[in-house]
Amino acid sequence: MNYIVALGNPGEEYIGTRHNIGWAVADAFVAEFGLTSPVSSPKYQGLYSYGSIGKEEVNLLYPTTFMNNSGRAVKKLVPADKLSQLIVLHDDVDMPLGEIKISISRGAGGHNGVKSIIAELGSNEFLRIRIGVAQKSFFTSKVKRPTGDKLPRFVLAKFTRTEEKTVKKIEKLVAEAILLIVKEGLAVAMNKYN
């Protein structure tokens, strides 16, 4: 059994924002692998979908607790002895749009959704696929990480039309990474995508 949790915020106003790229990626994953259409689940405090990839069962959750309380929903979905089978999809403002990175047993890195999950589970022993959403400096090609009051405005802003093309590529890339994790294991996936 595999558990995939896509972090984001519920509500029309958050569709297409950087903070909700986890949800966009999950939508593409559901469509790609024929999982059930997500339905509201009071039990899991989110939109719930399930299916299988080959012989591997997959449970997918979009917590609707809002980002900062994501851990409450994750705790209801994932049994305490199955944390190694949890994959969390989330935005990362320290990485440029177009890049992903697979991490395990890491701190929250300032991400409030991940911080909530670690706090509720009492552990960081789960996988994360970090999805870059930052812009790069035109002059230095380095990531421009917003700070202070600019950070919330940045992550809650919608992608530009040009960026949306990159998001579509990322959706496919993350689906491929999840498939590799589920079918061939973490080491193989990290070797390919990190």
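Anchor point for the sequence shown: position 65 equals 49 in my numbering, and the numbering is continuous, going up by one each time.
Beta carbons: idealized from backbone N, C-alpha and C, even for Gly.
From residue i to residue j, what distance separates their C-alpha atoms?
i        : j        : result
VAL77    : ILE154   : 15 Å
GLY94    : THR1     : 18 Å
PRO63    : GLU40    : 17 Å
GLU16    : VAL158   : 11 Å
GLY106   : VAL98    : 12 Å
ALA47    : GLU(-3)  : The sequence given here places Pro at residue 47; Ala does not occur at that position. The straight-line gap from Cα to Cα measures roughly 16 Å.
SER24    : SER33    : 9 Å
GLY35    : ALA10    : 13 Å
THR49    : LEU31    : 10 Å
ASN(-7)  : HIS3     : 8 Å
LYS66    : ALA57    : 15 Å
PRO80    : SER21    : 30 Å
ASN53    : GLU104   : 9 Å
LYS142   : LYS126   : 21 Å
LYS134   : GLY169   : 38 Å
LYS120   : THR150   : 14 Å
LEU44    : ALA(-10) : 8 Å
GLY55    : TRP7     : 16 Å
SER68    : LYS156   : 23 Å
THR144   : MET51    : 22 Å
PHE122   : GLY116   : 17 Å
ASN(-14) : VAL42    : 5 Å
VAL19    : LEU164   : In the sequence as displayed, the identity of residue 19 is Leu instead of Val. If you take the alpha carbons of LEU19 and LEU164, they lie about 17 Å apart.
ILE(-1)  : LYS152   : 14 Å
GLY(-5)  : GLY132   : 25 Å
LEU140   : ALA171   : 33 Å
Spatial neighbours of residue i within its chain, please: CB distance less than 7 Å, with the 5 preceding and 5 following residues excluded, ordered by chain position.
i      : result
ARG239 : Because the chain spans -15 through 178 in this model, residue 239 falls outside it and cannot be assessed.
LYS60  : LYS27, TYR28 and GLN29
ASN108 : SER89, ARG90, GLY91 and ILE102
According to DSSP, what are the bridge partners of residue i?
i        : result
VAL127   : LYS120
LEU111   : ILE71 and ILE88
ASN177   : Here residue 177 is Tyr; the residue named in the question, Asn, does not match the sequence. According to DSSP, which records beta bridges pairwise, TYR177 is partnered with nothing at all.
VAL139   : Looking at the DSSP assignment, VAL139 forms no beta bridge with any residue, so it has no partner.
ILE(-12) : LEU44 and ILE71
THR1     : LYS142
For residue i, collect the residues of the same chain with a Cβ closer than 8 Å to its Cβ; drop the 5 residues on either side in sequence, then sort them by chain order.
i      : result
ALA161 : ILE84, ILE86, ILE113, ALA173, LYS176 and TYR177
PHE138 : ARG2, VAL77 and PRO130
SER147 : The sequence as given places Glu at residue 147; Ser does not occur at that position. Cβ within range, chain order: LEU81.
LYS167 : ILE37, GLY38 and GLU40
Which residues in the same chain as residue i place their Cβ atom closer than 6 Å to its Cβ, once the five residues preceding and following it in sequence are excluded?
i     : result
ILE71 : ILE(-12) and LEU111
VAL14 : SER33
Runs of beta strand (DSSP E) lying entirely within the stretch 23 to 97, each at least 3 residues, in chain order: 23 to 25, 30 to 37, 40 to 47, 70 to 80 and 84 to 88
Is the stretch 67 to 76 in contact with the stretch 86 to 101, if contact means three or more CB pairs nearer than 8 Å? yes
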